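*Asks:* In the working numbering, the protein residues as written are 593 to 796.
Virtual Cβ for every residue (Gly too), placed ideally from N, Cα, C.
Just so we're clear, the structure is a prediction, and the values are computed from it rather than from any experiment.
One structure coming up, written as structure tokens, with questions to follow.
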Amino acid sequence: ENDSLTHDDRLRKERIALTLETFPAQFTIPDNVVFVGTLNSDETTYDISPKVIDRAFVIRLPAADISRRSTVESNGVPQMGILDLFELRRAVETRIRESADYPWLLEQVAQLQGSLSALGIPLGYRASRDLKVLAAVSRAVGLENKEVILQHFVFSKILPRVRCQKNERTEKAWQEFRTGLEAFLEQDGAGVVKNLQRQWDDTT
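Rendered as structure tokens:
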């Protein structure tokens, strides 16, 4: 069989075999490794797929204000922070076991589930697990306000998934979702709902 292969095909098979031998199909990721990715969001890039959003927390940074001085430095001195992942993991595991506010948080997210499903964005068990993890991490780093924790979850796990075909059914679902979102945010100083509505109304 190999005699029918060209020289290039044989080299390709050898490279594949070497790769499979060098890099196993399964391997352990050390506890001190964290995966962080960045993506420009403009007309030259594709949106993040729903599959990726479902498996990661999406943090959208505000547009750069080049008139302001960089926050990386203060009085010419570089600013830095050190994160002990081992201590953070241990603190998170402790707070996951406690999770006193988790039932309340889950109830609030569940209130959005009906309109989200109508928009074609169902929330699965992974979302409830991620909510519990985010709540534990927030507590571990000193964020105690459960309303703010809930807002972080909605911003990083739910809003990035809002995309659908605009029709009569989804229009009604969107208005219900927007009403719930406005009540949930109480004060929308960042103009999140207004920006979402502008994007919804944009037919270009």
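Which term fits F745, buried or exposed, when burial requires 16 or more other beta carbons within 10 angstroms of its beta carbon?
*Replies:* The residue is buried, with at least 16 neighbouring Cβ atoms inside 10 Å.
*Asks:* Of the residues T762, E760, L773 and C756, which one's Cα is nearest the Cα of P642?
*Replies:* For the residues T762, E760, L773 and C756, the minimum Cα distance to P642 belongs to C756.
*Asks:* Would you tell me roughly how many angstroms separate the C-alpha atoms of V625 and Q743, rounded to the nearest one?
*Replies:* Their backbone Cα atoms lie some 27 Å apart in a straight line.
*Asks:* What three-state label does DSSP hand I608 in the structure shown?
*Replies:* Correct three-state label for I608: helix.
*Asks:* Put Q743 into one of helix, strand or coil per three-state DSSP.
*Replies:* Note: Q743 maps to helix in three-state DSSP.
*Asks:* To the nearest angstrom, how far is the alpha carbon of Q618 from that of Q791?
*Replies:* The alpha-carbon atoms of Q618 and Q791 are separated by roughly 42 Å.
*Asks:* Closest by CA to L788, which one among P752, L610 and L726?
*Replies:* It is P752 whose Cα lies nearest to the Cα of L788.
*Asks:* Among R652, D676, N632 and P616, which one has its Cα closest to the Cα of V784?
*Replies:* Nearest option by C-alpha distance: R652.
*Asks:* Mapping the DSSP letters down to three states, classify D639 as helix, strand or coil.
*Replies:* Reduced to three states, the DSSP call for D639 is coil.
*Asks:* How about V701 and L711: are their beta carbons less than 9 Å apart?
*Replies:* Result no, Cβ atoms of V701 and L711 do not sit closer than 9 Å.
*Asks:* So, helix, strand or coil for N787, using DSSP?
*Replies:* Helix, per DSSP.
*Asks:* Take V628 as the anchor and find which of V644, F615 and D639 has the nearest alpha-carbon.
*Replies:* Measuring from the Cα of V628, the nearest candidate turns out to be V644.
*Asks:* Quick one: what does DSSP say D793 is sitting in, helix, strand or coil?
*Replies:* The answer is helix: DSSP assigns D793 an H, G or I state.
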